[in-house]
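The structure appears below as C-alpha cells.
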Amino acid sequence: MSHLLEHLQAVPSLGATLMNSVRRRHESLRHTAGLNTEVFDAMVLLAAGSWDCGDIGRGHDAVSALVQEMHNGRKSRLLKLGFSDADADEMSALHTRNFM
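In terms of numbering that gives the first Met the number 0, the sequence shown has 39 at position 40, counting the first letter as 1, and numbering is strictly consecutive.
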C-alpha cells in the first residue's frame, strides 16, 4: 500500500488510470461476475455447521457479513490511497469475488 501511495502522490493521474483498469477488467470478466452460487452455498453450509434450518440461516448471515467485511476492507484501503468515497465504493464493488 505505501508503495502504491507514493506513486499516486507522485503521479496523481495514476488514480484515474487505476480506476479505468478496474472497470476494464470487470467488463472483460463480467460473465464471471459475482460469487459462484455453489461456492456461496458451500460457504453457508460450512459456516452453519449443520443442515438445521436455523443454523443455515445463521451461516447465511455469517457469509453475508464476510462479504460486507471484505468490501469494507477494500474500500478502506482505497480511501487511504486517496480515492473518493464514491470511487472507492465503485472499485470495491467491481472487485472479482473469488475470496483470494
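Virtual Cβ for every residue (Gly too), placed ideally from N, Cα, C. All values reported here derive from a predicted model rather than from experimental measurement.
| query | result |
| --- | --- |
| Would you please verify whether the beta carbon of S91 is less than 8 Å from any beta carbon of chain C? | Given the protein chain composition of this structure (a single chain), no chain C is represented. |
| Just to confirm the assignment, what range does the alpha helix (DSSP H) spanning N71 have? | C52 to K79 |
| Here's a check: name, in chain order, each residue in its chain whose Cβ is nearer than 6 Å to the Cβ of D84, leaving out the five neighbours to either side. | none |
| What does the alpha-carbon distance come out to for the pair V21 and L28? | 11 Å |
| What span of residues does the alpha helix (DSSP H) with S91 cover, start to end? | D84 to A92 |
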